[in-house]
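Engineer: This is the structure I have questions about; it appears just below.
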Amino acid sequence: MRAPHATAYAPVVEALVRGGVLSIELTLSTPGVFEELPLLQQRFGDTAEFGVGTVTTVDEAVRAIEAGAAYLVTPVTDTAIIAAAVQRGVAIYPGGLTPTELFNGWAAGATAVKVFPASVVGPGYVSMLRGPFPGIQVVPSGGVDIDEAAAWVKAGALAVSLGGPLLGDAFKGGDLRRLTERATRLRDVVDEARATL
């Protein structure tokens, strides 16, 4: 989630959790993430897990882990960041788009690789990747909307990452009840898709 400041996260997190979205990425492009993460965990940690995204340095990775991040998400495939997470027993989802980037992240020990921007390749990309890399775990991000989530899951994605299509105007004074409705719809779409596998 990107917000003007991390202090804006709590009501949005509450709306997401009410809707059944229980894994929430806080991006380092939002000021105050390291300070707000422990507070969110204290309030919602029995129900939701929090990761830190847009991690671009080993120092940021270590700080996020020390703040209590359950997982890390990077916009690129950086083997030093992957190693820092793996050594500390924290899940890591490095970003990439090409088969080389995704394979390098997976081979370096990633929990799964983040296909970004997923909208430029589509769900069929997962099965294409699984041809040469049968065990690779993929999480699409960037341009995935609620309706497309099912196709990604049916194609073999471990999970789906949604930003704007899910959050809408939540950080601009939007109706948080509508956010909860979108979160519930996403949860239902993903659950129904998984039930067909």
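Numbering-wise (full-length UniProt numbering), the sequence shown opens with residue 1 and increments by one.
Backbone N, C-alpha and C fix where the C-beta goes; we use that ideal spot for every residue, glycine too.
My parser needs the alpha helix (DSSP H) runs of 4 or more residues fully inside the stretch 42-96; what are they?
Structural biologist: You should have 58-67 and 79-87.
Engineer: Give the straight-line distance between the Cα atoms of Ala155 and Val139, rounded to the nearest whole angstrom.
Structural biologist: Rounded to whole angstroms, Ala155 to Val139 spans 11 angstroms at the Cα level.
Engineer: Can you round the beta-carbon distance between Val90 and Ile65 to whole angstroms, since I take them to be within the 8 angstroms contact cut?
Structural biologist: Contact flag correct, Cβ pair sits at about 5 angstroms.
Engineer: Can you check whether the CB of Phe171 is closer than 9 angstroms to the CB of Ala3?
Structural biologist: Closer than 9 angstroms, so yes.
Engineer: Return the chain-ordered list of same chain residues with a C-beta closer than 6 angstroms to the C-beta of Trp106, the five sequence neighbours on each side being excluded.
Structural biologist: Contacts found: Val113 and Ile136.
Engineer: Using a threshold of 9 angstroms, state whether the C-beta atoms of Gly44 and Val13 are closer than that.
Structural biologist: Note that residue 44 is Phe in the sequence shown here, rather than Gly. Cβ atoms of Phe44 and Val13: closer than 9 angstroms.
Engineer: Please tell me whether Ala108 and Thr77 are closer than 9 angstroms, where the distance is taken between their beta carbons.
Structural biologist: Contact: yes.
Engineer: Run through the DSSP bridge pairs and tell me what Ile24 is partnered with.
Structural biologist: Answer is Phe50.
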